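Student: Just passing along the structure, written as structure tokens.
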Amino acid sequence: MIEEQAKDFLETRPWLSGICDSQSTEELKTNYDSWANTYDADIKEDWSFMPANIARTLSQLLPNKDATILDAGAGTGLVGEALAQQGYTNLTAADLSEKMLAIAKERQVYKALHQCNLEDSQIFSNSVSFDAIIAAGVFAYAHAGVEVLNNLFGLLKEEGIFLLTIREDYRREMQTALEQLPWTLVSEEDFPIYDEAKLMYLLAFKKE
1 MIEEQAKDFL
11 ETRPWLSGIC
21 DSQSTEELKT
31 NYDSWANTYD
41 ADIKEDWSFM
51 PANIARTLSQ
61 LLPNKDATIL
71 DAGAGTGLVG
81 EALAQQGYTN
91 LTAADLSEKM
101 LAIAKERQVY
111 KALHQCNLED
121 SQIFSNSVSF
131 DAIIAAGVFA
141 YAHAGVEVLN
151 NLFGLLKEEG
161 IFLLTIREDY
171 RREMQTALEQ
181 LPWTLVSEED
191 FPIYDEAKLM
201 YLLAFKKE
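The opening residue of the sequence shown carries number 1 in UniProt numbering; numbering runs sequentially from there.
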């Protein structure tokens with residue numbers, strides 16, 4: 001029964017296995033480029049609630065609407081759009097996929113967009129830092145791990161807010177790295193994702 005449910009689950013979400021089975025950064029980029037035009041429609045059922053939840057949580061923790069915010073792994077800009085609806089005006093997008101960013105640009109909510117690999121320690125110049133960093137759907141299998149976490153942490157200002165989503169199983173793998181950084185967990189929510197047995201966490205940290 002469980003195997004049948006898993007098969008049905010993947011059959012209705014063929015994009016999920018394709019993305020999560022990527023074997024290299026280049027393959028991941030190619031997969032996201034190919035997915036860009038149908039991305040919003042494909043994830044709507046499972047993910048449509050999350051951008052608004054992220055924006056609402058940030059609004060509670062960072063009321064300054066002029067704050068500098070990095071949307072890391074911005075994709076097609078769904079989170080940026082939700083942040084703009086909350087009144088945030090100083091948004092920067094970064095993503096691996098040029099085609100995803102092209103769609104994000106059409107939303108006209110970002111002041112700047114950067115096509116880059118978040119594993120690169122020199123994403124921005126040393127003088128660039130942000131009041132908040134959002135990483136939605138970034139920390140996942142075949143996507144980002146400790147290296148990206150440390151790179152993004154270095155771009156966060158003191159007392160800055162770092163919001164990320166992470167599935168329950170991957171959180172266990174990342175837990176030591178999350179606990180070692182000098183920040184405090186200030187908000188935690190969990191939601192069933194893809195099926196009732198799997199949880200997705202929305203975590204917010206404040207840098208010390």
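Yeah, the Cβ is synthetic: ideal placement off N, Cα and C, and Gly gets one too. These numbers were taken from a predicted model, which means no experiment stands behind them.
Nearest by alpha-carbon distance to residue 185: which of 192, 175, 193 is it?
Tutor: Comparing Cα positions, the closest option is 175.
Student: If we ignore side chains and look at the alpha-carbon of each, how far apart do residue 26 and residue 100 end up?
Tutor: Spanning the two alpha carbons is a distance of roughly 15 Å.
Student: Using the DSSP secondary-structure output, state which residues sit across from residue 207 in a beta bridge.
Tutor: DSSP, once it has assigned bridges, lists 183 as partnering residue 207.
Student: Going by DSSP, what residues sit across from residue 135 in a beta bridge?
Tutor: The partner list for residue 135 (beta bridge, DSSP) reads 164.
Student: Can you find the residues in the same chain that come closer than 6 Å, C-beta to C-beta, to residue 49, ignoring five residues on each side of it along the sequence?
Tutor: Result list for residue 49: empty, nothing under 6 Å.
Student: Three or more beta-carbon pairs under 8 Å between the stretch 61-72 and the stretch 133-152, yes or no?
Tutor: In short, these stretches touch, since the Cβ pair count reaches three.
Student: Using a 10 Å radius around the Cβ and a threshold of 16 neighbouring Cβ atoms, would you call residue 198 buried or exposed?
Tutor: Exposed: under 16 other Cβ atoms inside 10 Å.
Student: Provide the residue span of the beta strand (DSSP E) that contains residue 40, from first to last.
Tutor: That residue, residue 40, is in no beta strand (DSSP E); its alpha helix (DSSP H) goes 39-47.
Student: Is it the case that the Cβ atoms of residue 232 and residue 207 are separated by a distance below 9 Å?
Tutor: The requested residue 232 does not occur in the structure, where the chain is confined to residues 1 to 208.
Student: With distances taken Cα to Cα, identify the nearest neighbour of residue 161 among 129, 94, 190.
Tutor: With distances taken between Cα atoms, residue 161 lies closest to 129.
Student: Alpha carbon to alpha carbon, what distance is there between residue 190 and residue 115?
Tutor: Computed Cα separation, rounded: 30 Å.
Student: Below 8 Å, how does it come out for the stretch 166-180 and the stretch 87-103: are there three or more Cβ pairs, yes or no?
Tutor: Touching, no, given that fewer than three Cβ pairs across the two stretches are closer than 8 Å.
Student: Kindly indicate which residue of 127, 78, 62, 204 has the alpha-carbon position closest to the one of residue 52.
Tutor: The residue with the shortest Cα to Cα distance from residue 52 is 78.
Student: Going by DSSP, name the residue or residues bridged to residue 71.
Tutor: Residue 71 pairs with 93, 134.
Student: For residue 172, is the beta carbon positioned less than 8 Å from some heavy atom of the ligand SAM?
Tutor: You won't find the ligand SAM in this model; it holds no ligand whatsoever.
Student: Residue 107 and residue 57: beta carbons closer than 9 Å?
Tutor: Result no, Cβ atoms of residue 107 and residue 57 do not sit closer than 9 Å.
Student: If we ignore side chains and look at the alpha-carbon of each, how far apart do residue 121 and residue 151 end up?
Tutor: One C-alpha to the other measures close to 6 Å.
Student: For residue 159, which of 84, 34, 182, 148 has the nearest alpha-carbon?
Tutor: Nearest option by C-alpha distance: 182.
Student: Which partner residues of residue 200 appear in the DSSP bridge assignment?
Tutor: DSSP output for residue 200 lists 167, 191 as bridge partner(s).
Student: Considering only C-alpha positions, which residue in the set 82, 47, 64, 157 is nearest to residue 165?
Tutor: Among 82, 47, 64, 157, the Cα nearest to that of residue 165 belongs to 47.
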